[in-house]
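Chains as they are written, first to last, in the numbering used here: chain A, 158 to 472; chain B, 1118 to 1383.
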Amino acid sequence: MARTGRSAGPLGWRLLDAVEAALSALWPFRSRQAVARAFLLPALLLVGLLVIGLGYMVEYSLHELNLATYRLADDYSLANYRYLIERPTYARILWRTFLAAVIVSAVTVTLAFPYAYVLVRTPSAAMRKFLLIALFLPFFIGQVVRAYGWLIILGREGVINRGLGVIGLPPADLIFNYPAVIFGLIQYMLPFAILLIVPAIAAIGEDVERASEGLGAGWVATFRHVVIPMARPGLIGASVVVFTLTMTDFAMPEILGGGTTDFIASAIYDAFFQLSNPGLGAALSIVLVTLGSAIVAGVFYVAGTGTLGVRGGGR
Amino acid sequence: MTGPRSKAIVLWGIVWAVVITLSLPTVIVIGASFTAGEIIAFPPEGLSLRWYGELWQLDHFRDALMRTLYVSVICTALSIPVGTLAAIALVRTRFRFHNAIQVYLLLPFTIPLVVSGLSLMIFFGEIRILGQLWPVGVGLCVINLPFMIWSVSASVNALDPELENAAQNCGAPPVQTFLTVTLPAVTPGVITGALLMFILAFNEFLVSLFLTDSRTVTLPVQIYNSIRSVITPDLAAVSVVYIVIALVAIWVLDRLVGLEIFLRSK
């Protein structure tokens, strides 16, 4: 790297010269375009693995399962998609997932916004550090371990039910139901939402707020008319990410729902591994991708891309 | 009701509620792991380290941990050069199909994990590499690559292109410019991205569930399978491994680039 290159003396220089010479012999293109293409190639290939896999997915979805041989039929058909439309189960699962995604996005963003605001505005460096660690620790622990923590707390023999037992109350069913899944998802999504809202709030000058308050607006009015509208890109970005992550989540409904509240991802899993019908699972996957992309595209079209747009691109 | 006092009460009330919600599972898991009893109880039935001792007796957990580390290292090592070069090219150069390529490279983020995992499972199955361990690392790198690209591109955006032009004006050939100007400037982004990639791979559950079998099962999948049967305190001890690694990662991140890097405005 830089420092070693400079201090390594003549040997380092000779090495570097050799690399330069070798490169200019092997790579005669001087244009930035060619370099950029070479830089992008490995990433394009790597993501290509996924794209090829998706191609297989589309292909699978167009073949019906032959129930005699348990293999996908050779001829193309839309039978899998027809089956999804005809079965009310799938519409119900889809609705349940969509509703969860709406509730989780709304609650998560509402809770994440004040957290992000305090994180940016607090004058105390120690408090800021504490809030950052409280944010990153669960973020870095992963979904399965966090769901396990909630099992210990909310389970039938869990912390809360034991507490209820001590004061003589009957145990409550706190787990394996829809609210438990929603709660677990909100807890899981909070760090994502906060991290996406923070840059938008950091971009708002504190003097703007002071000006608003100096002109006689209370903090509620300042939030409503100044801070929240200015933080809109962050709020949009956070809502979209939380919405799509919830829409496609598997672990929380499985662990905290205990099989009672299947989401689309669970239905896809079941189609592949319980029904052994990869065609149906693939069709459901394609529906999920299409629906998710359409919703996100719709939000972006109406509200702009928010903080999710990648800036740059040759300045 | 609109004075600074009510503002503080409302904001800090929500902040503390969030802090408690975020931290409670972690605290409870740590507490449960020190229990001396046979079952999870809170408050624990006496304190002991017995479940940590038993952890090392349990081959399947230890092996799963080793496999998870192996997979995470492959994922991180692969993502560093691939993601860094792609981010530099994306931010620095204007080329044809720029937007299309950007959308394409963010596909792993926009495609739902359950679909990505199954797609990779089908493809790896078709080319007969499913069931080995290294493709799991490659798969995890594919699905998390956008995080690496985002981290590095933030650093590239902060680098003034005139610095590179200056180096070249002073006669530095391209490789030297790249090694002595571009690379050091983007290092904070690379470190952040690499750390994120490692942690995400170490925690990754859903895609690993599809890409592993009983011989190559990784730790998150192992924990998931165990949760579904009987919940014993050894699982809490395993989970503490995750908490410790998360703490170490946060400490490293804070020391090397500072957690405050995430508070920058865009």
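Just so it is clear, CB atoms sit at the ideal spot from N, CA and C, and this is done for glycine as well. Note that the coordinates shown come from a computational prediction; the quantities given were computed from them, not determined experimentally.
Going by DSSP, what residue range makes up the alpha helix (DSSP H) through Leu211/A? Residues Arg189 to Ser218.
Beta-carbon gap between Ala439/A and Val215/A smaller than 9 Å: Yes. Within cutoff.
Best match in Ile309/A, Val384/A, Pro348/A and Ala357/A for proximity to Ser369/A [C-alpha to C-alpha]: Checked all of Ile309/A, Val384/A, Pro348/A and Ala357/A; the closest Cα to Ser369/A is Val384/A.
Is Pro1229/B closer than 9 Å to Gly449/A when the C-beta atoms are compared? A contact, by the Cβ cut-off of 9 Å.
Close-in-space but distant-in-sequence residues of the same chain around Phe340/A (CB under 7 Å, 5 per side omitted): Here Phe340/A has no same chain residue with a Cβ atom under 7 Å from its own Cβ, once five neighbours each way along the sequence are excluded.
Proximal residues of chain A, C-beta to C-beta of Leu1141/B below 8 Å: At a beta-carbon threshold of 8 Å, the residues of chain A lying near Leu1141/B are Gly306 and Ile310, ordered along the chain.
Look up Gly320/A in the DSSP assignment and say whether it is helix, strand or coil. It is helical.
Stretch pair the region 1248-1260 of chain B + the region 1318-1329 of chain B: three plus CB contacts closer than 8 Å: Touching, per the Cβ criterion.
According to DSSP, what are the bridge partners of Leu229/A? Its beta-bridge partners are Leu222/A.
Mapping DSSP to helix, strand and coil, what is Thr379/A? In the three-state scheme derived from DSSP, where H, G and I count as helix and E and B as strand, Thr379/A is classed as helix.
Rounded to whole angstroms, what's the CA-CA distance from Gly471/A to Gln190/A? Just pull it up for me. Any reading at Gly471/A must be qualified, since the residue scores a pLDDT of 34, below 50, and its modelled position is unreliable; the value itself is stated next. Roughly 11 Å between the two C-alpha positions.
Please check the pair Leu1312/B and Ala1366/B, which I expect to be a contact at CB under 8 Å, by giving their CB distance rounded to whole angstroms. Yes, they are in contact, since the Cβ atoms of Leu1312/B and Ala1366/B sit about 6 Å apart, within 8 Å.
In terms of residue numbering, what span does the alpha helix (DSSP H) encompassing Gly1234/B cover? In the DSSP assignment, Gly1234/B falls within the unbroken alpha helix (DSSP H) covering Leu1230 to Glu1243.
Environment of Asn1286/B [buried if 16+ CB atoms lie within 10 Å]: Classification for Asn1286/B: exposed.
Relative to chain A, which residues along the region 1328-1345 of chain B have a C-beta separation below 7 Å, given in chain order? Taking 7 Å as the Cβ-Cβ cut-off against chain A, the residues of the region 1328-1345 of chain B that qualify are Pro1337, Ile1340, Tyr1341 and Ile1344.
Am I right that Pro1350/B and Trp1129/B are in contact with their C-beta atoms under 8 Å? What's the rounded C-beta distance? That belief does not hold up - the Cβ atoms of Pro1350/B and Trp1129/B are roughly 35 Å apart, past 8 Å.
List the endpoints of the continuous alpha helix (DSSP H) containing Val1269/B. Run containing Val1269/B: Trp1251 to Ala1275, per the alpha helix (DSSP H) assignment.
Buried or exposed: where does Thr417/A fall if 16 or more other Cβ atoms within 10 Å of its Cβ makes it buried? By the neighbour-count rule (16 or more Cβ atoms within 10 Å), Thr417/A is not buried but exposed.
Quick one: which residues of the region 1178-1200 of chain B get their C-beta closer than 9 Å to a C-beta of chain A? List them in chain order. From the region 1178-1200 of chain B, only Leu1195, Ser1196, Pro1198, Val1199 and Gly1200 have a Cβ closer than 9 Å to chain A.
What did DSSP end up calling Ser1123/B once you bin it into helix, strand or coil? Here Ser1123/B sits in helix by DSSP.
Ile1268/B and Val1307/B closer than 9 Å at C-beta: The displayed chain sequence assigns Ser, not Ile, to residue 1268/B. Contact flag set, yes.
Just to confirm before moving on: does the CB-CB distance between Val1273/B and Ala1194/B stay below 9 Å? Contact: no.
How close, in whole Å, do the beta carbons of Thr403/A and Leu445/A come, if the pair is a contact with beta carbons under 8 Å? Between Thr403/A and Leu445/A a beta carbon distance of about 12 Å is seen, past the 8 Å cut, so the two are scored as non-contacting.
Return the residue from the list Asp419/A, Leu219/A and Leu352/A that minimises the CA-CA distance to Leu392/A. Nearest in C-alpha terms to Leu392/A, of all of Asp419/A, Leu219/A and Leu352/A, is Leu352/A.
Which listed residue (Arg1209/B, Phe1241/B and Glu1171/B) has its alpha carbon closest to that of Gly210/A: In terms of Cα proximity to Gly210/A, the closest of Arg1209/B, Phe1241/B and Glu1171/B is Phe1241/B.
Quick one: what's got a C-beta closer than 7 Å to Ile361/A's C-beta in the same chain, skipping five residues either side? Excluding positions up to five away in sequence, the list reads Val384, Met387 and Ala388.
Beta carbons nearer than 8 Å to chain B: which residues of the region 200-225 of chain A have them? Cβ contacts with chain B come from Ala200, Leu201, Leu203, Val204, Leu206, Leu207, Val208, Ile209, Gly210, Leu211, Tyr213, Met214 and Tyr217.
C-beta atoms of Ala1206/B and Arg194/A nearer than 9 Å: Yes; because the gap between Cβ atoms is below 9 Å, this pair is in contact.
Closer than 6 Å by C-beta to Ala1363/B: which residues in its own chain qualify, once you throw out the five before and the five after it? Chain order, please. Closer than 6 Å at Cβ, skipping near neighbours: no residue.
Residues in its own chain within less than 6 Å of Leu1182/B by CB, not counting five upstream and five downstream? These residues qualify, in order along the chain: Leu1336.
Just how far apart, CA to CA, sit Phe414/A and Leu1373/B? The amino acid at residue 414/A is misidentified as Phe; the sequence shows Gly. Roughly 40 Å between the two C-alpha positions.
Shortest alpha-carbon distance to Thr1143/B belongs to which of Leu1376/B, Val1357/B and Val1369/B? Considering only alpha carbons, the answer is Val1357/B.
For Arg171/A, does the three-state DSSP call read helix, strand or coil? Helix.
For Met1238/B, count neighbouring C-beta atoms within 10 Å of its own C-beta (all shown protein chains included) and say buried if the count is 16 or more, exposed if not. By the beta-carbon neighbour count (other beta carbons within 10 angstroms, threshold 16), Met1238/B is buried.
Rounded straight-line distance, which links the Cα of Thr267/A to that of Leu1395/B: This structure does not reach residue 1395/B, given that chain B is present from 1118 up to 1383, and the question cannot be answered.
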